[in-house]
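In the numbering used here, the protein residues as written are 13 to 580. Below: the structure, in C-alpha cells.
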C-alpha cells in the first residue's frame, strides 16, 4: 500500500527533526563543533536520491542472536569484530525469516490487523517509491522480586518508540526516545545511587523513594556512497571485538555523539571514530550546571589473512581537561596518523592513549577462537620482569571460543570467554581523561583489577528461546581510601605501591553471577517477546565494600532493543 499522504518532504522533515532531537538536545548539547559538522553532513545527504530500515543492526546481544550461528561458520571475510554490523554484510545470515511468512496477506478487520502487527510485520510502515518509514514500540513491562531487597517487588515500566528511515539507496537513519521508571535489583540500585546513573542510561532521578526515573535517546544517520565508503553521524555507541565483552571499546556506557568513517577494500577495513564524552563528577565539573567534556579519537584496522584468520590493530586517545584548555583540536581529525606525536606537538599533557590488538581464527566452520590485548602503557624492562609486579604493566586481555549450531544442533549457540585487566589500566594521570563516559567504563563494566570467566548458551526452537549464563571472577577492591587500581576514575599517581601489583591487588573479592531466561517470541522484527527468568549475583563481602548480593526473579513483556548490563 502506498500512503500518499506522507510526502517525501515530510520524510525529510521527520528525519531532520528526529536526528537533531536525538543528537543535540541531550545532556551533551553544548557541543558546537559537532553541530556544525552534522549540519554540513546532513545537507550533503539530502541532495541524494531517495530507499527499508536503518543500515546497521541494533547493538545488543539479543539482536545478534539471529545472525551469530551462521556467521560463526562463514568464510566470506566479513569483519564481524566491527559492530554494529552493517545489514548489507549480514542480511543473508539472518534467521528471523524462519518465523515470518513468505508474504503477508492483508485481510480486513481488527483481528487480522492485530495478528499481523503482533507476529508478522512492523507496527507501522509508510512506504513510497523512494522512501520507507517504519515505527515500532520500545516497551519493557516487567514485575519481579529481589529476595535480598527490603521492597516487596521490583518493576520496570519503559515506553518509547524507534523510527527508522530509508531514503533512496544510500541514506538510512533512525531516532529513538524512551522513558523509564523502575525499581531495580539491589546491586544495580546501589550502583545507580553511587554513580547517579543507571547502567547504559543517563542521570537517574529518584522516583517514589526507592525507584528511579531515567531516559534514553539515540539517533543516527548513515550514508553509503559506494562499496568502499560508509559514514555515520549520530548519538550512539561502538563495539570492537568478537566477544561478549570488549577490552577496547564496548556498548557498556550511555550513548555519546560521534562521527565515524568506514573504508573497505579487498580484505581490509579501516574505521575512524571521533566522539565527545562527558564526566559528571563534581570534582571535574566546570560549575554546577556544566559537566566536564573530553574528546575521543580512534583508529581500527582490520585485515584478513586467508579466509579464516583476522587481525585488527587499535589506537585511541582521550584528551581534554577540566579547565577547557584543550578543545576539539583539528589535528586529531587526521584519519591515518599516530596520536602520540600529535599530542606532543600540540603540547597536550593529559592525553590518555590506549592501543590494542584483536584477533580471531575460524578453527572449523562453526567454531571460532578469538582474543584481545589492550595496552595502556608500555615499558619493556618492566614487561621482562613481570614477576616483580610493576604497576606500569598496564594490560588487559581476552581469550574466547564461540560455537554456532553447537554439536550439530541447529540454533544452539555456546560461548566461553576469559577476560582480565590489571590494576590501573584505563585510568590516567588526569582524573578526567580516564577510559570512561558518564560514570561508566567504556570497555569492561568491571573496570580494572579483575579477572572473569564466563560461559553462555542460548537455544531457539521455533518461537521459544532459552538462555543461560554464568560469570565467575575476582576483583581487587580499594580499602582505607587507598588506590589499589580497580577504580579507573582515580588518578594512577595516587597508587598504593610501585611493585607487587597483580590482579586482586587490595582486598580480593569473589563474584558469581548467573542468569536463566525462557522467552516466547511474538514478533522477531522488533523482538517483541514474553520472558520469565532469574538473575543472581553474589560477592564475597556481601556489599560491605563492594556491591550487595542480588537474587532476582522476574517476568514481563519486552521488545529487548537495548541492553542494560547487570552482570557486574
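Beta carbons: idealized from backbone N, C-alpha and C, even for Gly.
Only counting the same chain, and skipping five residues up and downstream in sequence, which positions put a Cβ closer than 8 Å to that of residue i?
i	result
residue 227	189, 190, 191, 192, 213 and 214
residue 130	534, 535 and 540
residue 475	111, 532, 533 and 534
residue 473	423
So for residue i, helix, strand or coil by DSSP?
i	result
residue 419	helix
residue 189	strand
residue 522	strand
residue 165	coil
residue 74	helix
residue 434	coil
residue 200	helix
residue 372	strand
residue 299	strand
residue 495	strand
residue 158	strand
residue 25	In this predicted model, residue 25 has a pLDDT of only 38, less than 50, meaning its place in the structure is not dependable; the value taken from the coordinates is given anyway. Reduced to three states, the DSSP call for residue 25 is helix.
residue 126	helix
residue 51	Only weak support exists for where residue 51 lies, its pLDDT of 40 falling under 50; the value from the coordinates is given anyway. It is helical.
residue 286	strand
residue 104	helix
residue 274	strand
Using beta-carbon positions only, say whether residue i and residue j come within less than 7 Å of one another.
i	j	result
residue 500	residue 459	yes
residue 96	residue 71	yes
residue 487	residue 440	no
residue 492	residue 502	no
residue 211	residue 576	yes
residue 412	residue 382	yes
residue 281	residue 309	no
residue 197	residue 225	no
residue 174	residue 150	yes
residue 274	residue 242	yes
residue 430	residue 373	no
residue 232	residue 244	yes
residue 513	residue 403	yes
residue 555	residue 85	no
Starting from the Cα of residue i, find the closest Cα among the options and give me that residue.
i	options	result
residue 268	196, 567 and 450	450
residue 304	292, 120 and 570	292
residue 88	542, 367, 321 and 382	321
residue 461	427, 409, 426 and 516	516
residue 545	570, 384 and 373	570
residue 542	534, 396 and 481	534
residue 481	408, 256 and 518	256
residue 272	298, 299 and 312	312
residue 201	423, 172, 167 and 233	167
residue 162	134, 138, 195 and 80	195
residue 414	83, 530, 554 and 447	83
residue 239	258, 85, 276 and 435	276
residue 169	179, 154 and 433	154
residue 80	425, 468 and 137	425
residue 505	435, 93 and 573	435
residue 550	485, 135, 470 and 538	485
Within 10 Å of its beta-carbon, does residue i have 16 or more other beta-carbons around it, so buried, or fewer, so exposed?
i	result
residue 386	buried
residue 453	buried
residue 253	buried
residue 302	exposed
residue 326	buried
residue 586	Here the chain covers residues 13 to 580 and nothing more, so residue 586 does not appear.
residue 165	exposed
residue 443	buried
residue 510	exposed
residue 406	buried
residue 366	buried
residue 298	exposed
residue 399	exposed
residue 44	For residue 44, the pLDDT reaches just 41, beneath the cut-off of 50, and the residue's location in the model is therefore unreliable, although a value from the coordinates is still provided. Flag for residue 44 reads exposed.
residue 477	buried
residue 25	Residue placement at residue 25 is flagged as unreliable, the pLDDT there being 38, under the threshold of 50; a coordinate-derived value is accordingly withheld.
residue 187	buried
Leaving out five residues on either side along the sequence, give the residues of the same chain with a beta carbon under 6 Å from the beta carbon of residue i.
i	result
residue 364	330, 440 and 445
residue 579	483 and 525
residue 457	264, 577 and 580
residue 76	none
Can you determine whether any heavy atom of the ligand FAD sits closer than 6 Å to the C-beta of residue i, and answer yes or no?
i	result
residue 246	What this structure holds is no ligand at all, so the ligand FAD is not there to describe.
Using C-beta distances below 7 Å, list every residue in its chain close to residue i, excluding the 5 sequence neighbours before and after it, in chain order.
i	result
residue 101	90
residue 160	198, 560, 561, 562 and 563
residue 565	156, 157 and 546
residue 285	250, 270, 272 and 310
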